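Student:
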Amino acid sequence: MKHRIVSFKCSGRIKFTKITTDSKFCIMVDFDQKSSIILILDLFDADKKKSIRKSNIIENDLVSICVSNDQELIACVTKDWNLIILSFEKLRILDQLKVVSAQMSESTVENVSFFPNENKRLLILGNKLIKIFLYTKKGLKIIFSLDCDFFLLNTCWLSKTEVVSYDKFANLFLIEPKQNLIRTIILKNLAPSDESQLNLVRKKSELSMAYSLANTSMDSKKLDKTSIDTHGSKTTILKFSRLDSIFRPKTHSIYQINSSTIKCLICARKGFFMCFQNDDRIFYYENSKNIYTFHQQSVMRLKKFEKYKLVDKNFKEIILNVQINQAQSYLVVLTSRKMVYQCDLSDFFANNYKEIELEPAMDSYFSDSVVGIDYCVRKSLIAICTSDRWLILWNYDTNSVELKQNFDEELLTVAFHPSGLYLILSGTNSLKYMSIYLEWCKVVHVLNVHSCKNCIFSHGGHLFALIHGTIIQVFSSVKFNEIGSIKSQDMGKIKQLRFSNDDHYLLCCSMAGIIRIWNSQSLNLITEITTKGLSYIGLDLHPNQEWLFLISTEKNIRQFQIIVSEEHRKLIKPNAEPRLVQKFSTKPDENVTCIEISKSGKILCIGTNKGCLRVYSLSNPEHYHDYRAHYGSVNK
3 MKHRIVSFKC
13 SGRIKFTKIT
23 TDSKFCIMVD
33 FDQKSSIILI
43 LDLFDADKKK
53 SIRKSNIIEN
63 DLVSICVSND
73 QELIACVTKD
83 WNLIILSFEK
93 LRILDQLKVV
103 SAQMSESTVE
113 NVSFFPNENK
123 RLLILGNKLI
133 KIFLYTKKGL
143 KIIFSLDCDF
153 FLLNTCWLSK
163 TEVVSYDKFA
173 NLFLIEPKQN
183 LIRTIILKNL
193 APSDESQLNL
203 VRKKSELSMA
213 YSLANTSMDS
223 KKLDKTSIDT
233 HGSKTTILKF
243 SRLDSIFRPK
253 THSIYQINSS
263 TIKCLICARK
273 GFFMCFQNDD
283 RIFYYENSKN
293 IYTFHQQSVM
303 RLKKFEKYKL
313 VDKNFKEIIL
323 NVQINQAQSY
333 LVVLTSRKMV
343 YQCDLSDFFA
353 NNYKEIELEP
363 AMDSYFSDSV
373 VGIDYCVRKS
383 LIAICTSDRW
393 LILWNYDTNS
403 VELKQNFDEE
413 LLTVAFHPSG
423 LYLILSGTNS
433 LKYMSIYLEW
443 CKVVHVLNVH
453 SCKNCIFSHG
463 GHLFALIHGT
473 IIQVFSSVKF
483 NEIGSIKSQD
493 MGKIKQLRFS
503 NDDHYLLCCS
513 MAGIIRIWNS
523 QSLNLITEIT
533 TKGLSYIGLD
543 LHPNQEWLFL
553 ISTEKNIRQF
563 QIIVSEEHRK
573 LIKPNAEPRL
583 VQKFSTKPDE
593 NVTCIEISKS
603 GKILCIGTNK
613 GCLRVYSLSN
623 PEHYHDYRAH
633 YGSVNK
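Heads up: the sequence shown begins at 3 in my numbering, then just goes up one per residue.
1. Have a look at Gln523, Ser537, Asp169 and Asn521 and flag the residue whose alpha-carbon is nearest the alpha-carbon of lysine 495.
2. If you drop the 5 nearest sequence neighbours on each side, which residues of the same chain put their C-beta closer than 7 angstroms to that of asparagine 289?
3. Just to confirm, are threonine 588 and glycine 609 a CB contact at a threshold of 7 angstroms?
4. Do the CB positions of lysine 170 and threonine 263 come within less than 7 angstroms of each other?
5. Note the first and the last residue of the continuous beta strand (DSSP E) segment covering phenylalanine 116.
6. Going by beta carbon distance, what residues of the same chain come within less than 8 angstroms of cysteine 614, once the five residues before and after it are set aside?
7. Going by C-alpha to C-alpha distance, which of Asn546, Thr533 and Ile574 sits closest to isoleucine 554?
8. Rounded to whole angstroms, what's the CA-CA distance from tryptophan 2 to isoleucine 386? Just pull it up for me.
9. Who are the Cβ neighbours of isoleucine 469 in its own chain at under 6 angstroms, not counting the five residues just before and after it?
10. Among Gly634, Lys638, Thr19 and Arg15, which has the Cα closest to the Cα of glutamine 325?
11. In whole angstroms, what is the alpha-carbon distance linking serine 331 and cysteine 443?
12. Jot down the residue ranges of each uninterrupted beta strand (DSSP E) in the region 264 to 320, minimum 3 residues, whole runs only, in chain order.
13. Count the other C-beta atoms from every protein chain shown that fall within 10 angstroms of the C-beta of threonine 400, then say buried if there are 16 or more, exposed otherwise.
14. Measure the beta-carbon distance from phenylalanine 418 to aspartate 376 and round it to whole angstroms, keeping in mind my assumption that it falls under 8 angstroms.
15. Go ahead and pull the three-state DSSP assignment for proline 590.
16. Hey, would you say leucine 99 sits closer than 7 angstroms to leucine 142, going by beta carbons?
17. Could you check what DSSP says for aspartate 628 in three-state terms: helix, strand or coil?
18. Can you check DSSP and say which residues form a bridge with serine 554?
19. In this structure, does DSSP put proline 362 in helix, strand or coil?
20. For glutamate 598, I'd like the list of residues in its chain whose CB is within less than 7 angstroms of its CB, leaving aside the five on either flank, ordered along the chain.
21. If you drop the 5 nearest sequence neighbours on each side, which residues of the same chain put their C-beta closer than 7 angstroms to that of leucine 96?
22. Phenylalanine 146 to threonine 163, Cα distance in whole Å?
23. On a CA-only basis, which of Thr388, Arg283 and Ala352 is nearest glutamate 412? Give me that one, please.
24. By the 10 Å Cβ neighbour count, where 16 or more other Cβ atoms means buried, how is lysine 1 classified, buried or exposed?
25. Closer than 6 angstroms to a non-hydrogen atom of the ligand NAP - does that hold for the CB of asparagine 353?
26. Considering only DSSP beta bridges, list what cysteine 68 is partnered with.
27. Please report the distance separating the alpha-carbon of glycine 128 from that of isoleucine 539.
28. Whole-angstrom Cβ separation of leucine 347 and alanine 270, contact assumed at under 8 angstroms?
29. Whose C-beta lies closer than 7 angstroms to the C-beta of asparagine 611 among residues of the same chain, with five residues either side of it excluded?
30. Could you check the C-alpha separation between phenylalanine 152 and proline 179 for me, to the nearest Å?
31. Here's a check: name, in chain order, each residue in its chain whose Cβ is nearer than 8 angstroms to the Cβ of methionine 493, leaving out the five neighbours to either side.
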């Protein structure tokens, strides 16, 4: 499955995404505090600067959004019961009105959708609410209204005239808006080979209410379809308050759901796919000769990964969302482990599978946050370690995973040797020096260092340094003996360590506003910078070893000039305090989190807490370029 990343500016909370029928545009809703903005992304020209169109700010949280099949209108409903119609081309509001009157304060709107064959007609469902609106040149007008006791949550169109909906009690309903009919759907399972399989499927596939199965009558009328009284402008179900007591099903004819609610409902062909809360299965039901009876045709299950259960005995992967494309040829599943599964529906329908196991569409690499990352200088490799105990080596030239290994202890950070043959992996119990093979990493040496969150290799690879509490330790990469240690209790929390390009110096910065430079062999202090009332969070040394760049909580970049020896330009003059040369200002609404200088010394890169990568030219630091990476903070 091919995929790409599209970056754009937003508040960070994308609430809805809709793809148009021609798969050319993606409609999104960006929600920020108490307002919403509708965004339209051109998927074919996503790399262009003007590929995003924005609407005016809508002063409320949107509940649901839909687009007509002819891509002329966008309809959305808000929490305060407003139905808004916008032009798809210009994103201009054409009309809006209140769906629910003030007298019906208990009613809520949950879903809005266009009729499949009528691009001006809308169906709105919610709590005690079913309404149909028609948009004309004169504006919106209501043409059908039904008051009921249902709390309908979501819908999908089974055909051009039939809608399948469900409530919070997992009751399914078949609605025919033009015929003013509402039927409860009866689900029937396949006949499993043994009773244990039957009981397993019953719990989550049979509904708690079926009007047609009740041996009672209401006003001497047949109950295979709900009666509708159409006298007057408002349509109501006759004596609906009695339905709960009258239509209570018999225990031998229907199975009840006590603990599950429907998570997703997607219509396809003559039936629908349905999955429940906290479940890893998708059920496919197809319509029978009886219009309100659907038979279970197949069960889809997520592929079982035994390796995850070995790491975590309580591991369970559940389905979060299910979608199919417009051509109904592929089904895509998103799970709680951040995995994407897919199913070829053309093959699925052609072979009539009774049970099928879904395969991952792509390798998720990991399912939790990245806690450590480092790159190899001489190879196109990146090493990352995650909070779910995975070590992954990724080749960014071929976009493939070279190695993936799981560990028993929690991982904290990783450091890559410049040669690409070794790495350091820090865990809660020890620090491992490892040799990289084709399919796995072998432990070469173990240091008794607990919970180390910061370790680095020198540029030559012959040394590595780490922070252990308030002590900085330097080790040899050849004999693994300790070169020396530095006690730094007066510095407070150390945020970053750096080796100079020639590995002659070791630098560090702390939250106490102290910068210190040591000789990496003798560990003698060369120079120091102290700034009161300021906390430094990152530093980097220019390749000429004359300029030092620092980032702090002051939301700017400080450039210091280091006094070097007159005889040897690459050596720092001892006990000479560096002087502040200039400051680079950053945006006031964001914090700088990390800093890096290119090997040529011409470009300075910083990361921010809003997922932005900013590139400065050191020859003209007033001009910069922003690259949106993601919404989360760039930490390293």
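From the three backbone atoms N, C-alpha and C, an ideal C-beta is built for every residue, glycine too. These numbers come from a predicted model, not from an experiment.
Tutor: Looking at the atomic coordinates:
1. Among Gln523, Ser537, Asp169 and Asn521, the Cα nearest to that of lysine 495 belongs to Ser537.
2. Non-local C-beta neighbours of asparagine 289 in its own chain, meaning closer than 7 angstroms and more than five positions away in sequence, comprise Lys272, Gly273 and Phe296, ordered along the chain.
3. Cβ atoms of threonine 588 and glycine 609: not closer than 7 angstroms.
4. Yes, Cβ-Cβ distance for lysine 170 and threonine 263 is below 7 angstroms.
5. Start and end: 110 to 117.
6. Excluding sequence neighbours, cysteine 614 sits near Glu592, Asp628, Tyr629, Arg630, Ala631 and Val636.
7. Note on residue identity: the sequence assigns serine, not isoleucine, to residue 554. If you compare the alpha carbons of Asn546, Thr533 and Ile574 with that of serine 554, the shortest gap goes to Thr533.
8. There is no way to answer for residue 2, as the model of the chain reaches only from 3 to 638.
9. Around isoleucine 469: Asn456 and Ile496.
10. Nearest option by C-alpha distance: Thr19.
11. Those two C-alpha atoms are separated by around 41 angstroms.
12. Here the runs fully enclosed are 264 to 270, 273 to 278, 283 to 289 and 295 to 304.
13. Its Cβ having fewer than 16 others within 10 Å, threonine 400 is exposed.
14. That belief holds up - the Cβ atoms of phenylalanine 418 and aspartate 376 are roughly 4 angstroms apart, short of 8 angstroms.
15. Of the three classes helix, strand and coil, the one that applies to proline 590 here is coil, per DSSP.
16. For leucine 99 and leucine 142, yes; Cβs fall inside 7 angstroms.
17. Secondary structure at aspartate 628: strand, using DSSP grouped into helix, strand and coil.
18. Partner(s): Tyr538.
19. It is a strand residue.
20. Answer for glutamate 598: Asp542 and Cys607, listed in chain order.
21. Within the same chain, Ile87, Leu88 and Ser89 come within 7 angstroms of leucine 96 by CB-CB distance, once the 5 residues on both sides are set aside.
22. Answer to the nearest angstrom: the Cα atoms are 15 angstroms apart.
23. That would be Thr388, whose Cα lies nearest to the Cα of glutamate 412.
24. Summary: the structure shown does not reach residue 1, with the chain confined to residues 3 through 638, and so no result is reported for it.
25. As presented, the structure is devoid of all ligands, the ligand NAP included, so that no description of it is given.
26. Answer is Ala77.
27. Answer to the nearest angstrom: the Cα atoms are 51 angstroms apart.
28. Beta-carbon to beta-carbon, leucine 347 and alanine 270 are separated by about 7 angstroms, close enough to satisfy the 8 angstroms threshold.
29. These residues qualify, in order along the chain: Glu592, Asn593, Thr595 and Ser635.
30. Approximately 15 angstroms, taken between the alpha carbons.
31. Here methionine 493 has Thr472, Cys510, Ser512, Ala514, Ile516 and Arg518 as same chain residues with Cβ atoms under 8 angstroms from its own Cβ, once five neighbours each way along the sequence are excluded.
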